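Protein chains in written order, with this note's numbering: chain V, 158 to 450; chain A, 158 to 450; chain G, 158 to 450; chain R, 158 to 450; chain W, 158 to 450; chain E, 158 to 450. Think of the CB as a built atom: it goes at the ideal place given N, C-alpha and C, for glycine as much as any other residue. Only a predicted model underlies this, so the values are computations on that prediction, with no experimental measurement involved.
There are 6 protein chains.
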Amino acid sequence: MFFHTKRFQYNAKPDNPDPIFAKQMQELLGGQWGEISVMMTYLFQGWNFRGPAKYRDMLMDTATEEIGHVEMIATMIARLLETSPVETEEAANAGGVVGAVLGGSDTQEAILAGMNPQHAIVTGGGAAPTDSQGYPWNSRYTIASGNLLADMRFNVTAESQGRLQVARLYQLTNDSGVRDMFSFLLARDTMHQNQWLAAIEELEKDGLEETPVPSNFPQEREMSEVAYRFMNFSEGTESQEGRWASGPSKDGKGQFEYVAEPAAMGPQVEKLDPPVEPRLYSTPKQPMPPASS
Amino acid sequence: MFFHTKRFQYNAKPDNPDPIFAKQMQELLGGQWGEISVMMTYLFQGWNFRGPAKYRDMLMDTATEEIGHVEMIATMIARLLETSPVETEEAANAGGVVGAVLGGSDTQEAILAGMNPQHAIVTGGGAAPTDSQGYPWNSRYTIASGNLLADMRFNVTAESQGRLQVARLYQLTNDSGVRDMFSFLLARDTMHQNQWLAAIEELEKDGLEETPVPSNFPQEREMSEVAYRFMNFSEGTESQEGRWASGPSKDGKGQFEYVAEPAAMGPQVEKLDPPVEPRLYSTPKQPMPPASS
Amino acid sequence: MFFHTKRFQYNAKPDNPDPIFAKQMQELLGGQWGEISVMMTYLFQGWNFRGPAKYRDMLMDTATEEIGHVEMIATMIARLLETSPVETEEAANAGGVVGAVLGGSDTQEAILAGMNPQHAIVTGGGAAPTDSQGYPWNSRYTIASGNLLADMRFNVTAESQGRLQVARLYQLTNDSGVRDMFSFLLARDTMHQNQWLAAIEELEKDGLEETPVPSNFPQEREMSEVAYRFMNFSEGTESQEGRWASGPSKDGKGQFEYVAEPAAMGPQVEKLDPPVEPRLYSTPKQPMPPASS
Amino acid sequence: MFFHTKRFQYNAKPDNPDPIFAKQMQELLGGQWGEISVMMTYLFQGWNFRGPAKYRDMLMDTATEEIGHVEMIATMIARLLETSPVETEEAANAGGVVGAVLGGSDTQEAILAGMNPQHAIVTGGGAAPTDSQGYPWNSRYTIASGNLLADMRFNVTAESQGRLQVARLYQLTNDSGVRDMFSFLLARDTMHQNQWLAAIEELEKDGLEETPVPSNFPQEREMSEVAYRFMNFSEGTESQEGRWASGPSKDGKGQFEYVAEPAAMGPQVEKLDPPVEPRLYSTPKQPMPPASS
Amino acid sequence: MFFHTKRFQYNAKPDNPDPIFAKQMQELLGGQWGEISVMMTYLFQGWNFRGPAKYRDMLMDTATEEIGHVEMIATMIARLLETSPVETEEAANAGGVVGAVLGGSDTQEAILAGMNPQHAIVTGGGAAPTDSQGYPWNSRYTIASGNLLADMRFNVTAESQGRLQVARLYQLTNDSGVRDMFSFLLARDTMHQNQWLAAIEELEKDGLEETPVPSNFPQEREMSEVAYRFMNFSEGTESQEGRWASGPSKDGKGQFEYVAEPAAMGPQVEKLDPPVEPRLYSTPKQPMPPASS
Amino acid sequence: MFFHTKRFQYNAKPDNPDPIFAKQMQELLGGQWGEISVMMTYLFQGWNFRGPAKYRDMLMDTATEEIGHVEMIATMIARLLETSPVETEEAANAGGVVGAVLGGSDTQEAILAGMNPQHAIVTGGGAAPTDSQGYPWNSRYTIASGNLLADMRFNVTAESQGRLQVARLYQLTNDSGVRDMFSFLLARDTMHQNQWLAAIEELEKDGLEETPVPSNFPQEREMSEVAYRFMNFSEGTESQEGRWASGPSKDGKGQFEYVAEPAAMGPQVEKLDPPVEPRLYSTPKQPMPPASS
């Protein structure tokens, strides 16, 4: 069960309205690597988890923090839209980011052309659970497989992609209020990258899982002769120069090998057979069976 | 530019048709963590890459291998559907997996109820680029951010989730032809997990990127006091017991701290302000400006 | 069965082309609350309905009217695009809305940047069944549950959201031809809001359904002690001041109560149990059964 | 900011595993009218709201309660899947719902054919944020327009559709643990239908909004002569018998009229004009301008 | 503007309920090649068309017919679901298709496992605008490019895929009522395939468009030396045996040529250049500019 | 199995960066009729095919060529984005297409408003597998039915729509590098339109399939009296003037007939019956059965 307090985890107030940046910043809210994605991912990983309490508790802690991040970003976007498009002209004259660039009587029209039209028509000046292109968030961005090493590798990825996007957006605005909130989010993403890397270390140390995931699949059922071979499928052999082409494998269970000219190990591609069931009407057409119902 | 040879990379032939398993196996073809996803992800990472040749070459090698995996799995599914639903009854009597369970004159109807109806109606006994629920593959499963550490963390995840799913599907069939192909795919996924972990090591060694991603964002613009704090947002403190709660951080740049009762650092949530632009017709309704156009 | 006449229900001709407004106006055609949504919703409610003829007839009447609304809006958008982007410059000079704002030799490029690129590339100057962000209409916007009170509540919502969006778009254009058509649509939405509210009154009067929907679910199987309690899950008690916190409930079957500090009525969250089936390879990993197939 | 307690709001434990019902029950979690939809809808309505505190507080209260409902349902589904498909046969013999119906050595295969394959392959026995057909939840199910009367009409709809679906699922199971949780959810949905109806009464009493939404759009810009006319677009006049065809309109601002044979008020449909811009290559093809770039 | 009559274009009544076939038959309603797709495609082609009246009239005729086909199929599906799942057991005993196969007390559970769960939970026994896998119809299935030859080629395809699917579904049922309606739909699809082929002949005869589409793109801007070459990109030369490899091209403007070993005509793939803009934080990381904002 | 060479099939280098055109050009990469669609369509048609080798070989040849087209277009887009938005101002001053139009200190902001924000935030200057509106590519654009005449009709359509879009994009840029690549793609699309038309001729000549698809459905089961009738469902009879209204049908099996006033051949639409199963809680509500579980 959850409770809500009426303070933000950190500041969420821009200096000035900026509908163009509001559009761009939607990526952090409803984008594939935005805050709704990590909130939902950690919640489902926590709810579905069947192992030691410290992992479940940790997942629920961070999941709950992320609901608060969604709250801050949604509020920031709504405030960037506080002055409606109809009124932005005045704000522009008063020095907003958009105003610093576009001026005179044309401001309104130009901003309308560039902003997310749904911020006016659909949400009436509120944040939307969509990305910077207006594409709706969907639950395929929620990853919870039951295997915590597979999932925590995803979590490290999510915090890396997320911090990368905040850093890029930081360059697209000069608003000190927005940048203040970003300084907080960047730091939390630094923590979360470290946290999931540490959790992976802990998982392996506790013997819960290891490389290759899943590690309790019976080794003898894997075709071991190709388990550590790098195969070169394109011209040139620059790919031979990397760590992945020689030396001990990262799981400590094999030696990397470089195969410069990988041979096909399978048979000649032959025609699918039998050719066609007549009642599926595929090509080539076949005579219909006489008693066909 | 690409060329096609007419041999499979490995065997792709089941012992017997099995339309129920064909439905389930679609997850490996058009699912979020299936082979189309890794093929497209590695292709786009390669095509968009702007760094040293060995990385780009390696990405293109593995991307090209994956097109061949898509080929094998699509072929396997088509063969699992080789006998049409109308005819499966005979196959069942001859000892297929389905036949081992369901028998007599009811077979056809029961199989039709459980199989993917689009395997009959839409593809006419062919594989479809969808997952095991019939949901179409989409390009949100393709990840290529330009930041190779962020992306290779994704690649490790993809190979972990993918190998996990092959292992689970291995348990859902007894067909020795299917299992033979799975033994090959499991081994290649073992290699690829190792490969991306080795590539991450190489990237860091070469100084191309490190934790936290992106590492060249100016440190002083991050709010450093919260960059290594674990915050406890749920009852109980089991989460204090893990590696993430104390000791040096994984990036070697800080010390983990545990905050048992995190305080809100932001202001009281206040009403969004100004309340409402009248011409957006939001709540509470406002008088219309007299000269409103 | 349906027939088509060759007159529009009302005028659908703009004074001037305006590709930016054409993009925005797509929301009324292919948006979640656009005309395709109400057309399809009323059609499916009518086709699936199993009750008295007057309701089915009424649903089909309004559904059929809505096909004509889709026709008008699609035509209006095609006409707003009548001058191709390549040619809009001249129209602009001749005084179109866009022309009033942007001028000189830069017009063409600026319009191209702001318009929906698919209006040029995909539809060749025609309307598209998508929303103002280019997101395709989908049938999840069609609501038909079989329970007419639940569905007519949706219909009131749809006409409210729809009229709200027309009113907002009215502010984004000065074109008198567009505004003329909007004056018609606004009035029809006024009628339709009233119509569905009246139909709800009729449904209840006829004894077909009432609050709570569904009303023939046996009362004794509901946990009645929480059926009229407002629960306060956030700091502060401003929520106590509303009609929902005290007095008789709207269905006349209970009294609202305010619970300032709601207690959890369920058990402590415990670990899911049994921990892990080994052959699903989840965390923590388990020994494989010896005879595992 | 949010906090998590470690108790459920109510019980969430089935008597027996039942993978078929787990598939069906996903509708309440990730379906269009499931708990994620109301949680997200109320959160965004609260975050975007710009009016009196009592409404915002009330929205946040109920939004926060709904996060706890998502938690209960996700947990229930995970428990319905607790015994993996591989092991369900034993559970079946021990008397589960599935076991009551299907028996003998065929159990496993039959269940596998009917269950959601992703419950085994993708989530490893956990709940998924998708509906009963495996279609992912998406944010188009989140409605927050800024106009609270439009939105609260949606909220009444959502609680009506939601309660209807719980009632239908109640009939699809005999498990007393599942039914116990449903008795709680049904009662909360009864409260929430009443709550939103009461909130609409309050909104109107407080003068924040009224029918037709939006009520501050200038009346004189609407084409008033069609604002209260019911138009008959299909054969027969059964639709004349309802409350919507005569008497005062529900907003008290007009009189319903019945138009048995509605005339087209617009012009003859004519060809779109000008016919075709040559450089869009539409039909009929036009000569290319000589100096075309 | 449209009108509705109260008779079906043809019969739409099954002999018996059959919830499994109702699921399969959804493909014809809300599938990619179902009736909603052709209805919407022809409507949009008609509304967007800017050429001679006979084409527009013909498009609107057939579009309007298709609305009536959607009506018949939606009604048929609702009737196949007429007996609710809870009651199907009796129907089964009375001889429905499902009943012919599954019997005794297990019927209900087995049908529930195989049917579309949303037919019970979401639509309450009505048809849904989704396909046989429950995937919602979306407007990407609507094709209207403005170029009528391109679009009529699509129309021939749509009627071919559609008739193919009806023919396949014909084999999946023995219900004489369903097959009666199918005999009508198959014949109309025969007409429509012929109609679009005839319309293509007419378009070319009238000089409105020809191969290659678009034919008024200036020939000299195309790289003519590769405009009629078949290129062999896979092992073997079976592809040389077809009509496409030699002889006059179908547009009468060239001669087919077979290129057995196509050479790359482009440059060596080189590294994208410049390598990385530092403020996008891509790989390899670059020093930040000193004055970076 | 596939191999990659390190040369492009043709040139893929623009003269200048142009982020606005990069957004528009995405339509050719990840749009419905873009290169990913034809690559995947031909691959799946080839892999699923069960007929003569020359067709399968031909499908694989062209499929493999298309992978190389995807490669060229992805590279072109990445190069159009080579100068980051932050730096485009300089490029603009140096004479890029954007620069030719927009100038002075406002350039950066205006470009940011018009470009695809995900090209900066998500891909970091790389191509994305989405269309010009940012909508992700999905596998519903892959058509492979098993019936090769139905599918090759689709292939002709795809190459027609594709060439049409390239021609339109040709008009939206003056960049000679881009136009050089387009001259190659236009020519290949000319070939491919001819190729599929020739393949259809071959298919029919070889007796594999003919009109109406599928041609081996037993003629006597089709309702032949409506198989060649054009039905007029809208006012006026302009549609009588075309080839589709009289003369021999295109399949040579009938005579077109024009039906000016098509009669309904089905019964009066009646109420669905039985009215409502009480346990589905639809309208009108029914008394619950006494012993209802």
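Query                                                                                                                                                              : Result
Pull out every residue of the region 327 to 358 of chain A whose Cβ sits closer than 8 Å to any Cβ of chain G, in chain order.                                     : Gln328 and Asn331
Measure the C-alpha to C-alpha separation of Asp537(R) and Asp288(G) and round it to an integer number of angstroms.                                               : Outside the shown range of chain R (158 to 450) lies residue 537(R), about which nothing can therefore be said.
So Ala169(A) and Gly423(V) are in contact, right, with Cβ under 8 Å, and what is the actual spacing, rounded?                                                      : 6 Å
The alpha helix (DSSP H) that contains Met196(W), what's its start and end?                                                                                        : Glu192 to Asn205
Which partner residues does Pro405(R) have in the DSSP bridge list?                                                                                                : Gln412(R)
So which of Glu239(W), Glu367(W), Leu360(W) and Gly404(W) has the shortest CA-CA distance to Asp172(W)?                                                            : Glu239(W)
Identify the continuous beta strand (DSSP E) that holds Arg320(A) and give its terminal residues.                                                                  : No beta strand (DSSP E) holds Arg320(A); the alpha helix (DSSP H) holding it covers Leu305 to Gln328.
Say whether chain A places a C-beta atom closer than 8 Å to the C-beta of Glu379(E).                                                                               : no
Where do the N-terminal and C-terminal ends of the alpha helix (DSSP H) with Phe339(E) fall, by residue?                                                           : Ser333 to Lys362
Between the region 204 to 218 of chain E and the region 392 to 404 of chain W, do at least 3 Cβ pairs fall closer than 8 Å?                                        : yes
Using three-state DSSP, classify Thr232(R) as helix, strand or coil.                                                                                               : helix
Taking only beta-carbon atoms, is Pro444(W) less than 8 Å away from chain E?                                                                                       : no
Helix, strand or coil for Thr221(W), going by three-state DSSP, please let me know.                                                                                : helix
What is the residue span of the beta strand (DSSP E) that Phe390(E) lies within?                                                                                   : No beta strand (DSSP E) contains Phe390(E), which DSSP labels as neither H nor E.
Run the CB neighbour count on Met445(W), radius 10 Å, all protein chains shown included, and call it buried at 16 or more, exposed below.                          : exposed
Which first and last residues belong to the beta strand (DSSP E) in which Phe374(R) is found?                                                                      : Phe374(R) -> no beta strand (DSSP E), and no H or E assigned at all.
Within 8 Å, do at least three Cβ pairs link the region 317 to 327 of chain R to the region 270 to 288 of chain R?                                                  : no
Return helix, strand or coil for Phe159(R), following the three-state DSSP convention.                                                                             : strand
Candidates Leu186(G), Met272(G) and Ala220(G): which alpha carbon is nearest Phe178(G)'s?                                                                          : Met272(G)
For Tyr298(V), which residues of its own chain have a beta-carbon under 6 Å away from its beta-carbon, when the five flanking residues on both sides are left out? : Gln189 and Ser194
Measure how close the beta-carbons of Phe339(R) and Val323(R) come, nearest whole angstrom, since I'm counting them as under 8 Å.                                  : 5 Å
Going by Cα to Cα distance, which pick from Lys410(V), Tyr385(V) and Ser391(V) is closest to Ala466(V)?                                                            : Examination of residue 466(V) is not possible in this model, given that chain V is present from 158 through 450 alone.
Spell out the partners DSSP gives Gln425(V) in its beta bridges.                                                                                                   : Arg164(A)
Please report how far the alpha carbon of Ser372(G) lies from the alpha carbon of Glu366(G), in whole angstroms.                                                   : 6 Å
On the three-state DSSP scale, how would you describe Pro274(E)?                                                                                                   : helix
Between Lys163(R), Ala356(R), Asn304(R) and Leu186(R), which lies nearest to Lys407(G) when the distance is taken from Cα to Cα?                                   : Ala356(R)
What whole-angstrom Cβ distance do Phe311(V) and Ala231(R) have, given they're in contact under 8 Å?                                                               : Not confirmed; about 18 Å, so no contact.
Quick one: what does DSSP say Pro176(V) is sitting in, helix, strand or coil?                                                                                      : helix
Can you have a look at Ala122(W) and say buried or exposed, based on whether 16 or more other CB atoms are within 10 angstroms of its CB?                          : Nothing can be reported for residue 122(W): it is not among the residues displayed for chain W, which extend from 158 to 450.
Using alpha carbons as the reference points, say which of Asn331(W), Gly409(W), Ala235(W) and Arg325(W) lies closest to Met286(W).                                 : Residue identity differs from the one stated: residue 286(W) is Pro in this sequence, not Met. Closest by alpha carbon: Ala235(W).
I need the DSSP call for Pro441(R), collapsed to helix, strand or coil.                                                                                            : coil
Ile224(V) and Met182(V): beta carbons closer than 8 Å?                                                                                                             : no
To which residues of the same chain is Val454(A) closer than 8 Å at the C-beta, ignoring the five residues directly before and after it?                           : No answer is possible for residue 454(A): it lies beyond the span of chain A, which begins at 158 and ends at 450.
Kindly indicate if chain A contains any beta-carbon less than 8 Å away from that of Leu185(G).                                                                     : no
Quick one: Cα of Asp346(W) to Cα of Leu360(G), how far?                                                                                                            : 41 Å
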